[in-house]
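Chains as they are written, first to last, in this note's numbering: chain B, 2 to 203; chain D, 1291 to 1826; chain F, 360 to 676.
Heads up, the beta-carbon is just placed ideally off N, CA and C, and yes, glycines get one too.
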Amino acid sequence: MTSHAEYHKDYQGAKIGMWLFLFSELILFGGLFIAYSAFRLRYPHEFHEASGELNAALGVANTVVLLTSSLTMALSISALQQARKRHASAFLSATIGLGALFLVNKFFEWSAKIHHGLYPGSAHLMEREPGQRLFFGLYYSMTGLHGLHVVAGVTLLSIMLVLLVRDRITPDDFVKLENSGLYWHLVDVIWIFLLPLFYLAA
Amino acid sequence: MSAASAAKPYFEEGRRGFLGWVTSTDHKRIAILYLVSMVTFFLVAVALGVLMRIEQLTMGQTIMKPTTYNALFTLHGVIMIFLFVLPGLPAVFGNFFLPILIGARDVAFPRLNLLSWYFFLAGALIAVASLFTGGGPPDTGWTFYVPYSVKTGTNVTLAVFGAFVLGFSSILTGLNFVTTIHRLRAPGMTWFRMPLFPWSLYATGWVQILATPIVGITLVLLILERLFHVGIFDPAIGGDPVLYQHLFWIYSHPAVYIMILPAMGAISEIIPTFAHRAIFGYGAIAMSSMAIAGLGSLVWAHHMFTSGLSDFSVLVFSLLTFLVAVPSAIKVFNWVATLYRGSIELTAAMLYALSFIFLFCIGGLTGLFNGALAVNVHIHDTYFIVGHFHYVMFGGTGFAFFAALHYWFPKMTGRTFSERFAKISWAPLFFGFNVLYFGMLVLGAQGMPRRYYDHLPQFHTGHVVITVGSWFLSLGVLMMFGNLLYAAFRGGRAEANPWGGVTLEWTLPSPPPAENFETVPTITAPPYQFNPESAP
Amino acid sequence: MFFGGASDVSGRVDAVFLYIAALTAAFLVFITALMIYFVVKYSRKRNPNPADIRSHAWLEVTWTAIPLVLFLSMFYYGWTNYHYMRSVPRDAMVVKVTGRQWAWSFSYPNGKGTSELVLAVRRPVKLEFTSPDVVHGFYIPAFRVKQDVVPGQTNWTWFTPEKEGVYDIECTVICGVSHSYMLSKVHVVPEERFKAWYFSDAVEPPAETAEAASGGPLAGDPDRGRLVYAGKACATCHTLDGARLVGPSWKGLYGSRETVVTDGKERPVTVDDTYIARSIRAPGADVVKGYPPAMVLPHSLDDQEVADVVAFLKTLK
């Protein structure tokens, strides 16, 4: 299928395809944002109270981690464009590391909540107001889905790192890395929305 | 590519045998993979439908228990919607002909295209697995309304996960087509020199990309609800079952347009070819596709008029519903106007295409009853709705699929089929169809609710009549596919251009070579030039 | 119209229905006739040289504008009548309706609770719906009213029954295995009879309402009777060809003289309308000699269905 090769090199096409995919990802979260808005309008005070129980400091810390990782991602791409492969792989590794750090933080945050009996269907939560139950239901659904995206992103970037090291991604042919970067920025942007909705609503 | 190898049919190029088929990234081979898998699913779902009709032949139990019946209508719906009607035209004819019609050698992402088919197959297998595992086949209807879908012991979780995977397949196909149309049009093929089938696929692609994720997340939430009792749809926890209906229809109504737009596009190819003249109102048809895609995204709540919505939302959604009917009417007028002073050959493909117009008109017009507020209250959730959407989905998309299959069959297989037998099989199909589904409209207006295992005595005669109709219908379906199946292996050699068509696929040999075009064509005029000297 | 409407709402719904039906039928006939005419007139044989007409701006405008206006008229007509259906009169009697898997129950303002709905003719009623389990749909086809019954919220509808009689209530949202048996009846009776019933202890609906409504004995229909025979499991025990099963065959039964056992004593009876009705309503009361008192009714029969069975029996000579 050598003749198809010329189409694989269509940078513009690859980027259009990626953007379309990102649209559909945004709308996937859009469904959850609709549910969140509907219930927040119905239970404003209970959302406010429940939000106070989340660890805002940890949320902000994780935001800093993700924002930094977006920066290193961008630096990695621009380093590669300037043919500085070692810098590019270093920045990419840093991005992967920060993504992993985010997940570790998330793990401790969830564990603490579950340890306190705050998880969907728990006896402790069922004693609370309906709005608080829904807040935590949405909290786990939305940060969980976002967490899955971080896992997917870290996996994707690790593959890119391997390709970069093996010279399958080069300064002349780096659309894969660029698209992976776009995906990573999307993961970051979604978190920027999640932070105020859950941690800063109190 | 040497000239000699370029003349080889696409299915003799590259790897042969089963492995060759399931590993090829050639858009034409992938189209055939879809065709074979979809027709199989279609026939299974037809059989399920016939069993349901037999159950309604008498009051009380005829051949099955209520649990079986409830599983049957759920499966019939899930298979027909997710495995045939929704992906049907784009995945089969879109894959095969979109690149050819715009003068490209393949879609933008050939490997992603093959991946879409694997997702399709995986989703289908997961859905099938749900029948034999857990609490047995789901019994909720294809809409999976909460809280019943959360409370039922049947295997909703796996079936819904299958639908989620199928959604992924649909998004990837839509993304692929939109990119293909943006990037791979042949030199000179401007937007308004594109034939109408690609236009309709373009509109469809956007709806697939932007609407499918909503149902994706809705189904994920349903699974979370079943597994972890998150509470978003559960009134006992504080959630809202009507929110599920909103989210479900925000996707599933646009999905109706994913189903019908490519059908309209295919019809817009077939009618000019057999009328041997340019399509009337090219611009109006192309733009009405986009209008349908846009307006169609804003009418979802007309599925929920009796669910307790506010009077204001009911008012707005009813108004928008009537507005979305306008572009469909425009298309019908333009198709009929294309016949005016044409030179019409009533081939089998044309017969199916004209039947599409008639049946789609009934489907669309009965939609006006549903959209009208006072009437909607009476006919909502009755056989009237079932009759209406079968006129649109089966009479519309299904018949367009049949028309396209007959139209492009010689190109896809390089074989000819018996025109005579194709027309003979049309008769029981068309007759049975109308007996069955018009009968449903009448029963519904009399008050027969849908998804009923048993019926009250006043509906009995109607049920017997439409069951007999379903036998004619299925006979016609079997005859039609039998004819084509026979032709695929034993038919005569097809010419390059058996119908006298003027779009790009007819410039290629039948079947086309793997590369489609030896040299990519340069386009200098709008499509449908049957009469070049009078062209503008 | 031919679907037998029986409330104030039904007249309005049917009017909109007929308006749309007339317009759409005209449209369908026009399009189909035009299509067939073109296919014949401009066939390959008759017209070998096609014209090349690409578009016509005014034609496009016309066939956009005319449907738009017609569609908007349908919308408006539908909306005004829907508006009526959402405007409850102040004096409407409120009945609380609960839909659960798989039965309806009705609760009246004075605390009376029933499984079938009893209403006074020409008196507006507002129904308020709740569900303790899953979504159901409350539907009275003859009244053209329907409302989803959603757990966690109270939906409502209202109407004024205008004709005395007995009408079906059906569930319209799939709610599980017995969805199609989640049925009930609404009995519409004169105001005085309603009052008498309402202030009595009776939870059963007032008897022979349908008979009273039609002003005499119900006319039975043998064809419908045959369907009742097939559909309500009569055929399990009674044959039509003279053969003996659990119960006596129905062949030649009507008008014959039989010996029955009543309270342990034998007595002769003639099989007539009254006897058959009594045998269905109270199967153990007069059992034909030589047969076990085994009759059970898996489905209840209303007065109309009993009359239909009688009519059917009369045809079995």
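Three-way DSSP call (helix, strand, coil) for G1729(D) in this model
As a first step, residue 1729(D) is located in the second sequence; it is residue number 439 there, counting from the start. Helix, per DSSP.
Looking only at its chain, what residues have a beta carbon closer than 7 Å to the beta carbon of N408(F), apart from the 5 residues adjacent to it on each side?
Residue mapping note: residue 408(F) aligns to position 49 of the third sequence, counting from 1. If we look at N408(F) and ignore the five residues flanking it on each side, it has no Cβ neighbours.
Beta-carbon proximity list for L1399(D), same chain, < 6 Å, skipping 5 on both sides:
Numbered from its first residue, the second sequence carries residue 1399(D) at position 109. It is Phe, not Leu, that sits at residue 1399(D) in the sequence shown. Only N1466 meet the Cβ criterion.
Using the C-alpha atoms, what's the distance from R1705(D) back to F1779(D)?
Numbered from its first residue, the second sequence carries residue 1779(D) at position 489. Numbered from its first residue, the second sequence carries residue 1705(D) at position 415. Roughly 8 Å between the two C-alpha positions.
In three-state terms, what does DSSP make of G524(F)?
As a position in the third sequence, residue 524(F) is number 165, starting the count at 1. G524(F): strand per DSSP, three-state reduction.
V668(F): buried (16+ other C-beta within 10 angstroms of its C-beta) or exposed?
The residue given as residue 668(F) occupies position 309 in the third sequence. With 16 or more other Cβ atoms within 10 Å, it is buried.
Could you give the DSSP three-state label for A365(F): helix, strand or coil?
The count along the third sequence starts at 1 and reaches residue 365(F) at position 6. In the structure shown, A365(F) sits in coil (DSSP, three-state: anything other than H, G, I, E or B).
How would you write the range of the alpha helix (DSSP H) that K1441(D) sits in, first residue to last?
Position 151 of the second sequence, counted from the first residue, corresponds to residue 1441(D). Y1438 to K1441 is the extent of the alpha helix (DSSP H) around K1441(D).
What is the DSSP secondary structure of W556(F), counted as helix, strand or coil?
Looking up residue 556(F) in the third sequence gives position 197. Three-state result, W556(F): helix.
Go to R616(F), then tell me how far its beta strand (DSSP E) extends in each direction, as first and last residue.
As a position in the third sequence, residue 616(F) is number 257, starting the count at 1. Here the beta strand (DSSP E) through R616(F) covers R616 to T621.
Sort C593(F), S490(F) and F397(F) by Cα distance to P510(F) and report the nearest one.
As a working mapping, residue 510(F) is identified with position 151 in the third sequence. If we check each option's Cα against that of P510(F), S490(F) comes out closest.
Using a beta-carbon distance below 9 Å, is P1477(D) in contact with chain F?
Here residue 1477(D) corresponds to residue number 187 of the second sequence, with the count starting at 1. P1477(D) does not count as touching chain F.
List, in order along the chain, the chain F residues whose C-beta lies closer than 7 Å to that of P1608(D)?
The residue you call residue 1608(D) lines up with position 318 of the second sequence. As written in the sequence, residue 1608(D) is Ser, which differs from the Pro given in the question. Per Cβ cutoff of 7 Å: F434, G437 and W438.
Length of the line joining the Cα atoms of W1796(D) and E1785(D)
Along the second sequence, read from residue 1 onward, the residue named residue 1796(D) stands at position 506. Along the second sequence, read from residue 1 onward, the residue named residue 1785(D) stands at position 495. Rounded to the nearest angstrom, the two C-alpha atoms are 9 Å apart.
Buried or exposed for E47(B), going by 16 or more other Cβ atoms inside 10 Å?
Translated into the one-based positions of the first sequence, residue 47(B) becomes position 46. E47(B) comes out buried.
Proximal residues to H186(B) (C-beta, below 6 Å), its chain only, five neighbours per side dropped:
Reading the first sequence from its first residue, position 185 is the one you call residue 186(B). The residues are S71.
Write down the C-beta distance between A1381(D) and T1502(D) rounded to the nearest angstrom, noting that I regard them as a contact closer than 8 Å.
The residue given as residue 1381(D) occupies position 91 in the second sequence. The residue given as residue 1502(D) occupies position 212 in the second sequence. Actually they do not touch by this definition, with Cβ atoms about 14 Å apart.
Check the DSSP bridge columns for V1497(D) and list the partner residues they point to.
Your numbering for residue 1497(D) matches position 207 in the second sequence. DSSP output for V1497(D) lists no bridge partner at all.
Cα-Cα separation between L1551(D) and P1817(D), rounded to whole angstroms
Position 261 of the second sequence, counting from 1, holds the residue named residue 1551(D). Position 527 of the second sequence, counting from 1, holds the residue named residue 1817(D). Cα to Cα, the separation comes out at about 19 Å.
Roughly how many whole angstroms lie between the Cα atoms of A501(F) and L1421(D)?
For the purposes of this step, residue 501(F) is taken as residue 142 along the third sequence, with counting starting at 1. For the purposes of this step, residue 1421(D) is taken as residue 131 along the second sequence, with counting starting at 1. The alpha-carbon atoms of A501(F) and L1421(D) are separated by roughly 38 Å.
Opening and closing residue of the alpha helix (DSSP H) in which Q512(F) lies
Position 153 of the third sequence, counted from the start, is the residue given in the question as residue 512(F). Segment: none, Q512(F) is in no alpha helix (DSSP H) and carries neither H nor E.
Do D631(F) and Y613(F) come within 9 Å of each other at the CB atom, strictly closer than that value?
Walking along the third sequence from the start, residue 613(F) turns up at place 254. Walking along the third sequence from the start, residue 631(F) turns up at place 272. In this structure, D631(F) lies closer than 9 Å to Y613(F) by Cβ.
Between F1721(D), L1404(D) and T1703(D), which has its C-alpha nearest L1309(D)'s C-alpha?
In the second sequence, counting from the first residue as 1, residue 1309(D) sits at position 19. L1309(D) has its Cα closest to that of L1404(D), out of F1721(D), L1404(D) and T1703(D).
Against chain D, with Cβ distances strictly below 9 Å, would S543(F) count as a contact?
Within the third sequence, residue 543(F) is the residue found at index 184, counting from 1. No, because no Cβ of chain D sits closer than 9 Å to the Cβ of S543(F).
Examine the Cβ distances between the stretch 414-422 of chain F and the stretch 1687-1706 of chain D and report whether three or more of them are shorter than 8 Å.
no
Contacting residues, own chain, Cβ-Cβ under 8 Å from G1722(D) (five flanking each side not counted)
The residue you call residue 1722(D) lines up with position 432 of the second sequence. Same-chain partners within the cutoff: G1759, S1760, W1761, F1762, L1763, S1764, L1765 and G1766.
Leaving out the 5 sequence neighbours to the left and right, which residues in its chain are closer than 8 Å to F1595(D) when beta-carbon positions are compared?
What you label residue 1595(D) is simply residue 305 of the second sequence in a count that begins at 1. Counting only Cβ-Cβ distances below 8 Å, and skipping sequence neighbours, we find V1604, F1607, S1608, L1663, N1666, V1667 and H1670.
Nearest-angstrom Cα separation, counted from F488(F) out to A571(F)
Residue 571(F) sits at position 212 when you count from the first residue of the third sequence. Residue 488(F) sits at position 129 when you count from the first residue of the third sequence. At A571(F), the pLDDT of 45 sits below 50, so the modelled position is not reliable and the matter cannot be decided from this model.
Run down chain F in chain order and give the residues with a C-beta less than 9 Å from the C-beta of R1741(D).
Taking the first residue of the second sequence as position 1, residue 1741(D) is located at position 451. Those are T531, V532, I533, H538 and S539, listed as they occur along chain F.
Listed by chain order, chain B residues near G1528(D) by CB distance under 7 Å
As a first step, residue 1528(D) must be located in the second sequence, where it is residue number 238. In chain order: P131, G132, R134 and L135.
Residues of the stretch 1627-1659 of chain D with a CB closer than 8 Å to any CB of chain F: list them in chain order, please.
A1627, L1629, Y1630, R1631, G1632, S1633, I1634, E1635, L1636, L1644, I1647, F1648, C1651, I1652, L1655, T1656, L1658 and F1659
Using the C-alpha atoms, what's the distance from A39(B) back to L21(B)?
Counting from one through the first sequence, the residue named residue 21(B) turns up at place 20. Counting from one through the first sequence, the residue named residue 39(B) turns up at place 38. About 27 Å.
Residues of the stretch 1383-1401 of chain D with Cβ closer than 8 Å to any Cβ of chain B, in chain order:
R1395, D1396, A1398, F1399 and P1400
Quick check: what's the CA-CA separation for G1791(D) versus A1565(D)?
By 1-based counting over the second sequence, the position of residue 1791(D) is 501. By 1-based counting over the second sequence, the position of residue 1565(D) is 275. So the two alpha carbons sit approximately 10 Å from each other.
Could you check which residue in A1576(D), Y1572(D), L1658(D) and T1442(D) has the C-alpha nearest to that of A1361(D)?
As a position in the second sequence, residue 1361(D) is number 71, starting the count at 1. Nearest option by C-alpha distance: T1442(D).
For I115(B) and G100(B), what's the separation of their Cα atoms in angstroms?
Position 114 of the first sequence holds residue 115(B). Position 99 of the first sequence holds residue 100(B). For I115(B) and G100(B), the distance between alpha carbons rounds to 23 Å.
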